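Read through the structure below, which is laid out as structure tokens, and then see the notes.
Protein chains in written order, with the numbering used here: chain A, 13 to 357; chain B, 700 to 1233; chain C, 1228 to 1552.
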């Protein structure tokens, strides 16, 4: 029976595959000894392997990294699994989700003593800031030069006829930078934010599903060499478009920025809160902080950390990022997204 | 009386067999999905239907529902029209390179939607969405219909031809009715795939077009409005159930036993004079819909800032690629093994032919139940895991085994749908002949039914592997330890800034496409052609 | 020995509300061949399927050597079945088809038995062929060999020759008769063709509308059908009284309440016979068939070697079926 042999073979391979997977996995039952932690993060969490190993050697902790999808989905998943938390420590809750996380009680208060003055000012009551960055509109300098058009500066510029059909942005309903842009408009336009969004849409702004589609497909200075010279991206993006002359071909618009701060926190109900706190401190260590720009594309929260040269030159932070109160955001986020989606999306 | 007693053990045995996949689905699909939906009807203190009503009143919901139905219907019709022609060319004719082509058409099935989005983004997003759906599902029709067609007795068409029917009339009156089981089966599959399509609509819809699936994603992951998501999930189940009910009603009317032959005796050599039309159509589709987008992907993966370069591939091979490939393959093999084992059991149970009408109705219901995972959102199931599989001994939420299990749930309906037509096509008298020769039901199963399954198994294995290799939705909602599969790796690379990451993402997409094509071709070859030994 | 061989007692079979077999009883002694003869739809195939266990019985029982088979599943009954269209397994060679029921034998034994049977059915050396490479007649021979191979205690043939052409059918019927006799196999042969039934069987049961009308040896059946219905099925379509029969030169006697059925071969041309008018004539395979008008005004046929030009022919009634009126 060749067929039977095949089936048995497949099943055997599957068993090997499964058991191989499990064997390499730390079994969760012996976590009582305190030697293990599980780190929950969003999908963009990334620190070099050497540093991970170094942490395990220094602390004796065995770390399992469990990346979830985006920040919003991650926070919602943590809310749903509150009774039996997925892990011990979470990285990546940002200032727009901070008050939900704290009000839902998914985290236990821990503000690391390793913070410096600037970082302390970013901390919440219960969570420790690790990195931050600005979400800003970026412009393709080359395109504006060759089209003899001044680069726009403000939100109002973006909605003016001069810049018709030039902007592409990820949708606030489906991506976190898109949502950050929505907060920018709320911060600057107040109750008129939705009217502004309508004006923007009427002025030919294109909303796409995510950052990749916006930057690498539609943006004229992105990899896809698209048609639109204005894109909603990050303040740091110009550092990745250095031309042959050593200058960046793009620039961010500081008046359109919203500041995102990403936190690490100890999960409520963590099996190993001690280990979790050690991990939070570890994220503030010099080595991890120094690795953040290259690996997570954010500014390290500790001010003394040395930044890459291109960042200093081409990716300056906004001096006055748009501010929206975290509690206000948490209270209205769903409503704003729904309003935006009904009106624009 | 005693007759009934005599039959019972056999029926009980089949119920026991059915219990295995049923338990699996109950734990890993029904329970999580229902638990999450139930949360939607609970506002924290009491049960309520407010959420349901709010969703029902929203114009956005109805827009999403109509958009889902319309795009899925149009895409399914296009898929059928082109796929049946493709099945003829790729399975009924014989020509060199055929095996490779059969493998190739499955590649779109696993391509990351970002890549597909780039290829199909145009001025008209709806056209792009429909075309991309056809692009994804063309192979489902070609392969399902082809597998049956390759074994149809050619004498029936010859009989029709002898009666003076021309080629078209023969096709219309003899061949198509004979193929109906496979056509209906693949149509249902394609419709459900299209209706539950997530990535394509997200990418190409640009936020302006929504399906029920993207709405569920939005309500669940972005705003945690579980009552809205629950209402939408119920709408989704209704659509799926309707679709399955319609197809099974249609299928029941056309369930004539077919005369099947071993493949080699019924295929014919490509005859240009006779076959030029279907060959041209198929070539046009393969080139226009498959080769061009894939070639575009290949070209882009080799170009950076206007220069040809292999940098993407170099840094990819130096980096995470091999590990992700290994993870992907291992997961795919495990998922395919689970899906295939359960799928064979389901197909065997569902293909029984009970004498009683209630028995037949019960089987039809069972069959429908195993198709449900196709139409229920991966988000609902993935989030459902969080609130169900959260206590020992079933605390699997963050276990690596949940990934192949979730993928197997997704692949299972496809496997069952692929296997069923081959079993259903067996003339019941073949089994009676075996029984008369002293073969026990088990031996008849092993010598008559399993060989018939053989052809389907290669195909089902291929589909299961491909589904798992390309699976992104369900995987990405699982809280799994950090072992990215290829699609997850691609997604991450695409979302990082910088030309190098983009280059690597494109190169990894090409690599995934090559890997899938290889797996499909190998699965096609490795299938047992016939079971000659006993 | 009443109890040896196959017994069928008061068997009824239903499909939904239709009664396909209505209270059928018969028995077949070991080594004997029974033909179930009936028009299509008469229930003969249903009865056959009921006997072998492929259809559930609504009532009645089937026995072998007196043992009730109700609790014996199909594959344990050690019966053989040949389908109308053979139902060879398309994925297996002829050899594997024939050997399918030989699980108990070792490899060599199987091979020998397969060769033996292929020889028996006149297809030596066909072992390596595929079913798709066989003609209709060859396929049926293989099907027969396959059914006989496990030495079943009885074999059941469900119109095995009806899909074949006439010449082949006659040859195969003769072969089948020989093979069944040589192997001493108990058999039930379902057919709608009386010639085939009489060639193959020791006794014939006539079925109509689900009932067994009569069961006799062929010559007895032929000479004394139990009803006009049976007689008509056998070709006796004209029934005459004793008076008419003797006027036509018949020298037998009829009891009260009996008539004589006249079939295609009952009348013979005889110069000294009774002249009757010729109504019509046509050719049939190797002879002419004349339709004549009998003295009582009914019509009957008589075989003639040539076409006749005269308006009357002289005939004599040589035989007939004594039938209850």
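The C-beta atom is built at its ideal place from N, Cα and C for all residues, glycine as well.
Only a predicted model underlies this, so the values are computations on that prediction, with no experimental measurement involved.
Name the chain A residues that come within less than 9 Å of residue 1125 (chain B), Cβ to Cβ?
Under the 9 Å cutoff, chain A gives no residues; its nearest Cβ is about 15 Å from residue 1125 (chain B).
Of all the residues that make up the region 778-810 of chain B, which are near chain C by a beta-carbon distance shorter than 7 Å?
Result list empty, no residue passes.
Buried or exposed, going by whether 16 or more other CB atoms sit within 10 Å of the CB of residue 1324 (chain C)?
With 16 or more Cβ atoms within 10 Å of its Cβ, residue 1324 (chain C) is classed as buried.
Quick one: Cα of residue 727 (chain B) to Cα of residue 1104 (chain B), how far?
Those two C-alpha atoms are separated by around 8 Å.
What's the C-alpha gap between residue 38 (chain A) and residue 76 (chain A)?
In this prediction, residue 38 (chain A) has a pLDDT of 41, which is less than 50 and means its spatial position is unreliable; nothing more can be read from the coordinates.
Tell me whether the region 128-147 of chain A and the region 238-248 of chain A touch, counting them as touching only if at least three CB pairs, one residue from each stretch, are closer than 8 Å.
In this structure the region 128-147 of chain A lies against the region 238-248 of chain A, because at least three pairs of beta carbons, one per stretch, are closer than 8 Å.
Count the CB pairs spanning the region 1490-1508 of chain C and the region 1533-1548 of chain C that are closer than 8 Å, and state whether there are at least three.
Using a C-beta cut-off of 8 Å, the region 1490-1508 of chain C makes contact with the region 1533-1548 of chain C, since at least three inter-stretch Cβ pairs fall below that distance.
Straight-line CA distance for residue 780 (chain B) to residue 208 (chain A)?
Cα to Cα, the separation comes out at about 46 Å.
8 Å Cβ cutoff, residue 741 (chain B) in contact with chain A
Using a CB distance cut-off of 8 Å, residue 741 (chain B) does not count as an interface residue toward chain A.
Kindly list, in the order they appear in chain B, the residues whose Cβ is closer than 8 Å to that of residue 223 (chain A).
Neighbours of residue 223 (chain A) in chain B, taken as residues at a C-beta separation under 8 Å, are given in chain order as 1194.
How big is the Cα-Cα spacing for residue 1519 (chain C) and residue 1478 (chain C)?
Taking the straight line from one Cα to the other gives about 21 Å.
Could you spell out where the beta strand (DSSP E) holding residue 74 (chain A) opens and where it closes?
Membership of residue 74 (chain A) in the beta strand (DSSP E) is indicated by the continuous run 74-79.
Roughly how many whole angstroms lie between the Cα atoms of residue 769 (chain B) and residue 833 (chain B)?
Those two C-alpha atoms are separated by around 14 Å.
Between the region 1172-1185 of chain B and chain A, which residues of the former have CB atoms less than 9 Å from a CB of the latter, in chain order?
The residues in question are 1175, 1176, 1177, 1178, 1179, 1180, 1181, 1182, 1183.
For residue 805 (chain B), which three-state DSSP category applies?
Coil at residue 805 (chain B), not helix or strand.
Chain B contact residues for residue 235 (chain A), given Cβ-Cβ distances below 7 Å:
The contacting residues are 1198, 1201.
If we call anything under 8 Å between Cβ atoms a contact, is residue 1083 (chain B) one with residue 734 (chain B)?
Yes, the pair counts as a contact, with Cβ atoms nearer than the cut-off.
Comparing alpha-carbon positions, which option in C:1425, C:1535, C:1484, C:1512 lies nearest residue 1504 (chain C)?
Minimum Cα distance to residue 1504 (chain C) is reached at C:1535.
Please confirm whether residue 1318 (chain C) has its beta-carbon closer than 8 Å to some beta-carbon of chain B.
Answer yes: the Cβ-Cβ gap between residue 1318 (chain C) and chain B drops below 8 Å somewhere.
What does DSSP give as the partner residue(s) for residue 1128 (chain B) in the beta ladder?
BP columns for residue 1128 (chain B) are empty, so no partner.
With a floor of 4 residues, list each alpha helix (DSSP H) that falls wholly inside the region 1122-1190 of chain B, ordered by position along the chain.
As far as the region 1122-1190 of chain B is concerned, its whole alpha helix (DSSP H) runs of at least 4 residues are 1127-1135, 1140-1143, 1149-1169, 1172-1175.
Note down the Cα distance separating residue 772 (chain B) from residue 1080 (chain B), rounded to an integer number of angstroms.
If I take the Cα positions, the gap works out to 25 Å.
For residue 160 (chain A), count the other beta carbons within 10 Å of its own beta carbon; 16 or more makes it buried, fewer makes it exposed. Which is it?
When all chains shown are included, residue 160 (chain A) counts as exposed.
6 Å Cβ shell around residue 738 (chain B) - same chain, five flanking residues per side excluded:
Excluding positions up to five away in sequence, the list reads 925.
Tell me whether residue 998 (chain B) is buried or exposed, calling it buried when 16 or more other Cβ atoms sit within 10 Å of its Cβ.
By the 10 Å Cβ count, residue 998 (chain B) comes out exposed.
Let's test the definition: count the other Cβ atoms within 10 Å of the Cβ of residue 1094 (chain B) and tell me whether it reaches 16, buried, or not, exposed.
Residue 1094 (chain B) should be labelled exposed.
Taking only three categories from DSSP, how would you classify residue 711 (chain B)?
Helix, per DSSP.
Going along chain B in order, which residues have a C-beta closer than 9 Å to the C-beta of residue 89 (chain A)?
Residues of chain B passing the Cβ test: 920, 1081, 1082, 1085, 1176, 1178.
DSSP beta-bridge partners of residue 124 (chain A):
Residue 124 (chain A) has no beta-bridge partner at all, per DSSP.
Tell me residue 1307 (chain C)'s beta-bridge partners as DSSP assigns them.
Paired residues: C:1382.
In the region 1342-1420 of chain C, which residue ranges form an unbroken alpha helix (DSSP H) of at least 4 residues, counting only runs that do not cross its ends?
Annotation note: the region 1342-1420 of chain C contains the following uninterrupted alpha helix (DSSP H) runs of length 4 or greater, listed N- to C-terminal: 1363-1375, 1393-1410.
Taking a Cβ distance cut-off of 9 Å, strictly less, list which residues of the region 1006-1028 of chain B are near chain A, in chain order.
Listed in sequence order: 1026, 1028.
Short CB-CB distance (under 8 Å) between residue 81 (chain A) and chain B:
So yes, residue 81 (chain A) belongs to the interface.
Whole runs of the beta strand (DSSP E) within the region 1261-1295 of chain C, excluding any shorter than 3 residues:
Entirely contained in the region 1261-1295 of chain C, the beta strand (DSSP E) runs reaching 3 residues are, in chain order, 1286-1291.
Is it the case that the Cβ atoms of residue 131 (chain A) and residue 313 (chain A) are separated by a distance below 8 Å?
Taking 8 Å as the Cβ cut-off, residue 131 (chain A) and residue 313 (chain A) qualify as a contacting pair.
Residue 1431 (chain C) versus residue 1265 (chain C): straight-line alpha-carbon distance, rounded:
Going from the Cα of residue 1431 (chain C) to the Cα of residue 1265 (chain C) covers about 10 Å.
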